[in-house]
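Here the sequence shown stands for residues 1 to 260, numbered as in the UniProt record's numbering. All residues carry an ideal CB built from backbone N, CA and C; glycine is no exception. Note that the structure is predicted; figures quoted are calculated from it, not measured. Report on the following structure.
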Amino acid sequence: MTNSLHFSFYIFLGIYFSAVTLEILYDRRNKLKLYNIKDCIVNIFLGLLTVLFRILTKGIWIAIWTFLYQYSAIKLPETLTTYLILFFMNEFVYYWFHRLSHEKRFLWAIHVNHHSSEFFNFTTAARTPFFNLILHNVFWIPLLFLGFSPTMIFSVETIGFLFSFIQHTQIIKNFSIFDLILNSPSHHRVHHSSNPEYINKNYGNVLILFDRLFGTFQKELKEIPIKYGLTKNINSYNPLVIIFHEWIEIFKLKNKSVNN
Numbered sequence: 001m002t003n004s005l006h007f008s009f010y011i012f013l014g015i016y017f018s019a020v021t022l023e024i025l026y027d028r029r030n031k032l033k034l035y036n037i038k039d040c041i042v043n044i045f046l047g048l049l050t051v052l053f054r055i056l057t058k059g060i061w062i063a064i065w066t067f068l069y070q071y072s073a074i075k076l077p078e079t080l081t082t083y084l085i086l087f088f089m090n091e092f093v094y095y096w097f098h099r100l101s102h103e104k105r106f107l108w109a110i111h112v113n114h115h116s117s118e119f120f121n122f123t124t125a126a127r128t129p130f131f132n133l134i135l136h137n138v139f140w141i142p143l144l145f146l147g148f149s150p151t152m153i154f155s156v157e158t159i160g161f162l163f164s165f166i167q168h169t170q171i172i173k174n175f176s177i178f179d180l181i182l183n184s185p186s187h188h189r190v191h192h193s194s195n196p197e198y199i200n201k202n203y204g205n206v207l208i209l210f211d212r213l214f215g216t217f218q219k220e221l222k223e224i225p226i227k228y229g230l231t232k233n234i235n236s237y238n239p240l241v242i243i244f245h246e247w248i249e250i251f252k253l254k255n256k257s258v259n260n
């Protein structure tokens, strides 16, 4: 099983870096300026940092989830129907976790580094906040008590994880009619925008349905070109600045409040 997972991971890396290479070639050929070498390097570095953190902590979280799951009043069978129900439940939990990560400053301080790039390409998907893994795993615990096993949850989460890499591109314009239900690259470009018209929209994972349901959906408009990054950009490629800049701002605000 372990060898199979390792092999799958290497296959994923091969496909991912091939996609990045093709996107760079397309970018250079068409002079789109979608890439910045410093931005690209720091994105990959932060992605590798997250992978390392995941590897180091995965065993701990599997043990915690397995321990908690034994106290679930029900144990749902691993059937197609159960997986479909879990898929929608996972989308619901992801929507609210992602939305709160934008609305609550403590969570935003962790999530913000994913949005701080002023570019948007396949490497942006790798620009992940590794501290986020801790809160993520805590936020998903209720699904265990609803009867879904850790194995099932990890499996369904993998679908969203893989899908997220497809979303981070300007090459794919949209998913045509499937934009009605899927969180396409077009919808996710809106999510990464710093334009006032686009801020705090499109929190979905694979699906865009909960955004439509809870009033946070916004389609990409031709008359409003997307500006990527933050409303106040950090102008730095230093990983430490990218990871901790919002915490520093919070500390300054708290310190100022105390001094006053």
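Within the DSSP secondary-structure output, Y228 pairs in a beta bridge with S193. Sequence-distant partners of N195 (beyond 5 residues in either direction) whose C-beta falls short of 7 Å from its own C-beta, in its chain, are I224, I226, K227.
Leaving aside the five residues that flank E118 on each side, the residues in its chain whose CB is nearer than 7 Å to its CB run, in chain order, Y228, G229, N233. Assignment of L182 by DSSP, reduced to helix, strand and coil, places it in the strand class.
Going by C-alpha positions, L13 is about 44 Å away from N255. Look at L207 here: in three-state DSSP terms it is strand. With contacts defined as CB atoms closer than 7 Å, F122 and V20 qualify as a contacting pair. Straight-line measurement puts the Cα of L22 at about 34 Å from the Cα of L100. Excluding residues up to 5 positions away in sequence, F97 lie with their Cβ nearer than 6 Å to the Cβ of F139 in the same chain. When DSSP states are grouped into helix, strand and coil, G47 belongs to the helix group. Going by beta carbons, K38 and Y237 fall inside the 7 Å limit.
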